[in-house]
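Quick note, the sequences are listed as chains A, B and C, same order.
The first sequence begins at 56 in this note's numbering and counts up one residue at a time.
The second sequence begins at 287 in this note's numbering and counts up one residue at a time.
The third sequence begins at 5 in this note's numbering and counts up one residue at a time.
All C-beta atoms, glycine included, are put in the ideal place defined by N, C-alpha and C.
All of these numbers come straight from a predicted model, not from anything done at the bench.
Single-structure report; data block below.
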Amino acid sequence: MSDALHLLSATEIAQRLHAGTLTSRALVEALLIRYRNLNSKVGAFTYLSESDVIAQAEASDERRKQGKTLSSLDGIPVAIKDNIAVKGQPLTCSSKMLAKLISPYDAHVIEALRAAGAIIYGRLNMDEFAMGSSTENSALQKTYNPWDLARIPGGSSGGSAAALAAGFVPLALGSDTGGSIRQPASHCGVVGLKPTYGLISRYGLVAFASSLDQIGPMARSIDDCELLLNALASPDARDMTCFDQGQRTLLPPVAVNQLRIGIPRGILDKGVGQEVAAATRAAIDFYRAQGATIVEVDLPSSDLAVPTYYVVATAEASSNLARYDGVRYGHRSSQATTPVEMMTLSRSEGFGPEVKRRILLGTFVLSAGYADAYYVRALRARSKILSEHLAALEKVDMILTPTVPTPAFKAGEKISDPLQLYLEDIFTIPANLAGLPALSVPCGKSQHLPVGFHLVGAPLSEKKLLAASRVFEASHPYRHQQAPL
Amino acid sequence: MSESPWEIVIGLEVHVQLRTRTKVFASAPWGFGEEPNEQVDPVVLGLPGTLPVVNRVAVEQAILFGLVVEATIPERCAWDRKNYFYPDNPKNYQLTQKDFPVTLGGQVEIELPGPSRNVMGEHKMIRLHHAHLEEDVGKLSHSGSGSLVDYNRAGVPLLEIVTEPDLRSAAEAAAFLNALVTMLTQAGVADCDMEKGQLRCDANVSVRRRGDTQLGTRTETKNLNSISGVRDCIQYEAARQIRELEEGRKITQETRGWNAVNARGYVLRDKEDAHDYRYFPDPDIPTLKIARATVERLQKLVPERPFHRQRRYMEKLGLPYTVTSVLIADKALADWFEAAAAAYPQNPSGIANWVANDLLRDLSAATSAPDAFSEPSVAKVSLVDCRIKPAQLAGLVKITDEGVISKQQAKEVFAEMFRTGQDAGEIVNAKGLRQNSDAGELEKIIQEVIADPAVAKSIAEYRAGNEKAINALKGPIMKRTQGKANPAMIDQLLRKHLG
Amino acid sequence: MAKGFDIDHLAKLARLQLSAEEKALYSNQLSQVLTYFETLARADLPPAANVAQVIEESALRADIPGQSLGVEAVTKIAPASRDGQISVPRVVDDES
C-alpha cells in the first residue's frame, strides 16, 4: 500500500490522517523512498534533509495524537522552490552566486505553512533567479520532464512541476513572473495558479521582477491547489504590495451554466501547435456543452505583451540583482584587489549567461537616453494592456487560451535562442502585466506530452477560476494518469 | 569694503537624519554608539527576498518639516530607486524620491551677522526647492590594504532638503544652516548633531560677474559635515573659481570633495564620469496618498517660527534685540519665558532679563558642556531639571517691582530659588528680607535722624540747593532700619520733612 | 532604435566583466531582442502610465523597534569579516 501513497492527493492524505489510517511519518517515509529512487533521474530537488522532514512529520503525528492538529494541511509535505526563504536551509535560486547561502529567516509563506502544520519538504530546482522557461538555466543541475526524460519540465518552476508529476510530493510552491508556475504546470500535466498580484506576500521570495512576481500553489488537483492557496493567502505587513484584510475578499464562484468565457479573437491561429489547438478547442467545446456562454473578446495590444514584459522585467531585475556583489553574502571572487574588481568579478563568476543577458538588457532599457524609449513606453503599454483586460473581463468571467503554444521541447533544443524562448510565455505574460489571477489546468496530450489550458480572471477571481476548472477536471481526470517513470 | 566684481551663487543639499526609533524602511533600531552591525536586520542587509516597509513616523517628521518651512505637502508621494554600486550601499540601489517628493517649495528665513552683537543683522528668505525622504548608507572605515563596512547607519531615515540657488556668500550659507538647525530641532524633527553625522551637506557653488543674469558653471562639493566646513569650503571654492576665471580658464562642471584638515577641496570626478543612476519607481513601495487630515493634525504641531517669535517679542512686548536673540534660539527657554510673562504680564522685559541672563547663566553652570555645534551663547540648557517654575520667577519680578524687596535682595532671593525651588515670598519671609515700607515707623526714624546735630550741615547744604546732600541722610536711616527700608520711600519722606 | 547600444558601457554599469566572445554573443542577441521590441516604439500608447497601486498611511509601519539579526549572524554569512565588520578590498574615495 505504501507504494501508492505517492499518488494520493493532499485532500485524500488529509482524510486518511484524520481517520487515523495513515501517519505523516509513514507518508514521508514512502515519499523519501521514491525521492531516493527517482530524484537522480528527474532532478527536481536540489536539497532535502531527510532527518528534518521526518522530525517535522513526527511532530505533526504527535500534535494529532494530542488533538492539537493545526489545520487540514497538518502533516502534509509541501516542497519549496529554491527562491523562497526557509530559515536554516539553502536559498540558492539555482545560482552559483548563492550556492552557499543559508537563509537566516523564513518567508511569510513559510511561516504560514508552519502555522498550518505543513511539512517544509526540501528545495526545488529552477531557472537561475527564475529567469527561463525550461529550468535549463539552473547552475546546480538539470531537471527533466517526468513524462519524457529527454524533455524539459518547463520553467522557471520546473523543479516544482516535475516533483509533482513524479509523485515526489503532493504540493509545491512555485513563483510566477511571466508564466513560471503555469508553463511548467502545463508541460508536466499538473495544476498551477498565479494569484492576483498582492494576494500572497512576497516577503521572502527572492525578487526577479518585483511588480510581476507572485508566489503560487502547484498541485496535482484543483482541490489541492485551492487548499494550498488558502494556507498561503494572508495579510503581511512586511510586503507593502500585499493586500490587507479588507482588500482580499475573493469573488464568489459562478455556476458553469452561468459562466461567460472569453476567447481572444484568432488566438489559435498563430504559432499554436495543432494538438495544443485541438485540446484547447475541446475544452472550449466542453464548457459550451455544459451551458457556458462562449464569447470572442478583443485584446488588441496582445502583441505588445512580450516586449513590454521583457522591458519591465529586465529593468527591475537589473536593479534587484545588483545586491549580489560578493560584499555581504554570496559568492566573492578571490581574484580582486579593489572593490570594483571584487564586485565585477564576483558577479561575472556568480551569474549564468541568461541572468547576465537580462541584467544587460535591463540596464540598457533604464540607461540615460534610452529609458524614455523603452522603460517609460513599456509602462505606458502595460497600462494599456491592463485596461484592455479589465474591459474584456467586464464582459466575461474569464479568458481561456492555451497555456503554452507548444508542448515541452527537448532539452537543449531552444536554449541558444533567447527570443524563441521568450515567446513560450506569450499567453501567460499578460496576467502578470495586469496583475490578474491565472490558472493552468491539464486538458489533454500532444502525443505523449501533457498540455494545459489557461484561464485568466478579474482581480480576486481565484475561486471562480478554480470552480470552473473543477468542473472540467471532474470529467477529465488527468491527474489519475501517472507519468511513466 | 569695496564690492567684489564677482557674485557667488550657492545652493545647498542638506541631509538630515530624522528623529525616529527605527530605520526608514526596516524595523531595525538605530542610534549612536552601538557596536558595528548590531542594528541590522534582513531588510537592512538587503538579504534576498526582503522588502522595504515605510516608517510612518519618518513620513510624518518629513511632512512636519514641510509645514515648518511653509512648503506644499502634495497629495501623493512616491519612492524611486537610485542605482549605483558601492560597498556601503547594501542593495546597490538607494531608495529615494526623485519625481514625487514629500514636500515641495518652502522657505527659510535667515539673519546675517549684524554690525555688532547688539544690532540686528539683515534678514533674507531662502527658497527651498523640495525635500525628499530617503535612506542613509553604511559606514566605511579604512585600515591598511582593506576597508571595513558597518551597516548600522544603513537605512537611517534621511531628509534631503534642497535649496534654490539663493545664497550669496559663505556667511549666508552658515546663517541658513543655523536657521535650519533651529527650525528642525525646535519642531522635534531632528537632533542635527553634526558630531554624530546627523546633518551633512553638499554645496553647489558657481560665480558670475555682478549684473550677469545667467548662472556660471557650478561645482558640487560633497559630504561637508560641519557648518564651519561649509563656510570654509564655499570660501575656498568661490575663490578658486574666481581665480580660474580671472586667469582666463573655464570652470569644469565637476563633483568635488573637501579635506577639512588642510582646508582644501579636490576633484572627485568630472561630468563625463557622472553616474548614470537609472532611476525608476520602486515597485516594492506603492505610491503613498497623504491624507489632508494628517496634514491638519501635524500643522497643529508646528512651533512658532523663531524670527516670527523674535518680532513679536520686540514689537508686542518691547524686548530689546539682544535678549530676544538669546530667547528664540532655544524653544524651551522661550516657552519658559512666555509662561513666566503670562503669569505677570506687567513686566515682560524684567522677566526676559532674568531668563536671558541669570537663569541661563545658572543653568549653563549646572549643565554639562554645550552641544559642540551650537553657538556658545545659545548653549542648550536643561530646563527640565530647573527648580524654578515660570510662575515663581514672575512672582519674584512682581515683588521687586512692588518694592517689597530691592533689586539687590532679588538677586539673593533668585539664587535661593534656583537652589531650592521655593517661592520668592517664602524666602523673603524666612530670611526676613521684606523691605520696611511702614511710613509711620519710618517717619519716626527720619525725625530722630534729622534731629541729630551730626547731620545739620548736610541739611543746611540741601536746603541751600545741593540736591546730593540729601544722600548723606539716607545712610543713617537705612542703618537704623537694618537695610529693610524701601529706598524710594525714604527719599520721598525725607524730602517732605526737609520741606 | 537599437542604435547606441554600447556593450562595454553596459557591462561597466552592471558590474559585469565579459569576454570577447560573450560581448559578441550578447551584443548580437540583445540587438535581435531590441529589434523585436520595435513594436513598442510604433504602438499607439496612452500619454502616461497609470499609478499601479496607491496606499494610505494606515499601511505604513509603526515606529517600533523589531529584532536585529545580531552581528554574529551578519558575519556568519559574510564572505569576509573582521571585528564584527564586513571586510572588503580598500575603498578609494568615490571609486566609480
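Beta-carbon contacts of residue i that lie in its chain and below 7 Å, excluding the five residues immediately before and after
| i | result |
| --- | --- |
| Ser455 of chain B | Ile294 |
| Val664 of chain B | Note on Val664 of chain B: pLDDT 43, under 50, position unreliable in the model; the coordinate value appears next. These residues qualify, in order along the chain: Val612, Ala615, Asp616. |
| Glu661 of chain B | Bear in mind that the predicted position of Glu661 of chain B carries a pLDDT of just 44, short of 50, making it too unreliable to give a figure here. |
| Glu99 of chain C | Note that Glu99 of chain C has pLDDT 45, beneath the 50 cutoff, so the model's placement of it is unreliable and no number is given. |
| Ala194 of chain A | Ser149, Ser150, Lys151, Glu183, Gly407 |
| Trp544 of chain B | Thr507, Leu510, Gly515, Cys519, Gly551 |
| Ala655 of chain B | With a pLDDT of 47 at Ala655 of chain B, under the threshold of 50, the modelled position of this residue cannot be trusted, and the question is left open. |
| Arg378 of chain A | none |
Contacts of residue i in chain C (Cβ-Cβ under 8 Å)
| i | result |
| --- | --- |
| Arg303 of chain A | Per Cβ cutoff of 8 Å: no residues; Arg303 of chain A is ~14 Å from chain C at best. |
| Thr399 of chain A | Arg19, Leu20, Gln21 |
Partners in chain B for residue i, counting only beta-carbon separations shorter than 7 Å
| i | result |
| --- | --- |
| Ser265 of chain A | Pro569, Asp570 |
| Arg293 of chain A | Leu337, Val339 |
| Ile11 of chain C | Neighbours of Ile11 of chain C on chain B: none; closest Cβ ~15 Å, over 7 Å. |
| Ala66 of chain C | Arg342 |
Proximity below 7 Å, CB of residue i to CB of residue j
| i | j | result |
| --- | --- | --- |
| Pro145 of chain A | Tyr102 of chain A | yes |
| Asp279 of chain A | Ser230 of chain A | no |
| Pro266 of chain A | Pro239 of chain A | A quick correction: the sequence has Ser, not Pro, at residue 266 of chain A. No, they are not a contact pair. |
| Lys136 of chain A | Ser215 of chain A | yes |
| Pro606 of chain B | Thr468 of chain B | no |
| Asn322 of chain B | Asp436 of chain B | It is Pro, not Asn, that sits at residue 322 of chain B in the sequence shown. Taking 7 Å as the Cβ cut-off, Pro322 of chain B and Asp436 of chain B qualify as a contacting pair. |
| Asp366 of chain B | Thr389 of chain B | no |
| Ala274 of chain A | Leu128 of chain A | no |
| Arg437 of chain A | Ala372 of chain A | no |
| Ala218 of chain A | Ala227 of chain A | yes |
| Gly210 of chain A | Ser241 of chain A | no |
| Gly689 of chain B | Asn752 of chain B | no |
| Val326 of chain B | Leu73 of chain C | yes |
| Leu445 of chain B | Ile513 of chain B | no |
| Val310 of chain B | Ala344 of chain B | yes |
| Thr392 of chain A | Pro93 of chain C | yes |
| Asp562 of chain B | Ala513 of chain A | no |
Contacts of residue i in chain A (Cβ-Cβ under 8 Å)
| i | result |
| --- | --- |
| Asp479 of chain B | The contacting residues do not exist; Asp479 of chain B stays about 28 Å from chain A at best. |
Residue i: first and last residue of the uninterrupted beta strand (DSSP E) it sits in
| i | result |
| --- | --- |
| Asn369 of chain B | 366-369 |
| Lys425 of chain B | 425-429 |
| Asn509 of chain B | 505-510 |
| Ser230 of chain A | 226-231 |
| Lys760 of chain B | Not the beta strand (DSSP E): Lys760 of chain B falls in the alpha helix (DSSP H), residues 757-766. |
| Met10 of chain A | The question about residue 10 of chain A has no answer, for chain A in this structure spans 56 to 540. |
| Arg55 of chain A | Past the edges of chain A, shown from 56 to 540, lies residue 55 of chain A, and the structure says nothing about it. |
Residue range of the unbroken alpha helix (DSSP H) whose run includes residue i
| i | result |
| --- | --- |
| Arg71 of chain A | 65-74 |
| Thr610 of chain B | 607-614 |
| Thr382 of chain B | It is not in any alpha helix (DSSP H) - Thr382 of chain B instead sits in the beta strand (DSSP E) that spans 379-382. |
| Gln694 of chain B | 693-706 |
| Trp622 of chain B | 617-629 |
| Asn464 of chain B | 456-472 |
| Tyr40 of chain C | 24-40 |
Residues that residue i contacts on chain A, provided the C-beta gap is smaller than 7 Å
| i | result |
| --- | --- |
| Pro373 of chain B | Val382, Pro394 |
| Asn378 of chain B | Ala377, Arg378, Asp380 |
Per-residue contacts from residue i into chain C (C-beta, under 7 Å)
| i | result |
| --- | --- |
| Gly432 of chain B | Ser91, Val92, Pro93, Arg94 |
| Phe184 of chain A | Within chain C, no residue comes near Phe184 of chain A; the closest Cβ sits about 14 Å away, beyond 7 Å. |
| Leu426 of chain B | Val95 |
Closer than 9 Å at the beta carbon, the chain C residues around residue i
| i | result |
| --- | --- |
| Tyr342 of chain A | Here the premise fails: no neighbours, minimum Cβ distance about 32 Å. |
Heavy atom of the ligand GTP within 6 Å of residue i beta-carbon
| i | result |
| --- | --- |
| Gly534 of chain B | The ligand GTP is not among the ligands present in this structure, which contains no ligands whatsoever. |
Sequence-distant residues of its chain with Cβ nearer than 6 Å to residue i (five each side left out)
| i | result |
| --- | --- |
| Ala173 of chain A | Leu128, Ile131, Val133 |
| Thr573 of chain B | Arg362, Ala364 |
| Glu702 of chain B | Ile713 |
Interface residues of chain D facing residue i [CB-CB closer than 8 Å]
| i | result |
| --- | --- |
| Ala577 of chain B | Absent from the structure is chain D; the protein chains it does hold are A, B and C. |
Cβ-based neighbour list, residue i, same chain, cut-off 8 Å, excluding 5 preceding and 5 following
| i | result |
| --- | --- |
| Ile339 of chain A | Ile316, Ile318, Ile349, Leu455 |
Legend entry - Where the segment 309-337 of chain B meets chain C: residues whose CB sits under 7 Å from a CB there: Ser313, Ala314, Pro315, Glu321, Pro322, Asn323, Glu324, Gln325, Val326, Asp327, Pro328, Leu331
Inset, instruction - Using a Cβ-Cβ cut-off of less than 7 Å, list which residues of the segment 537-567 of chain B approach chain A; keep chain order. - result: Asp562, Arg564, Phe566
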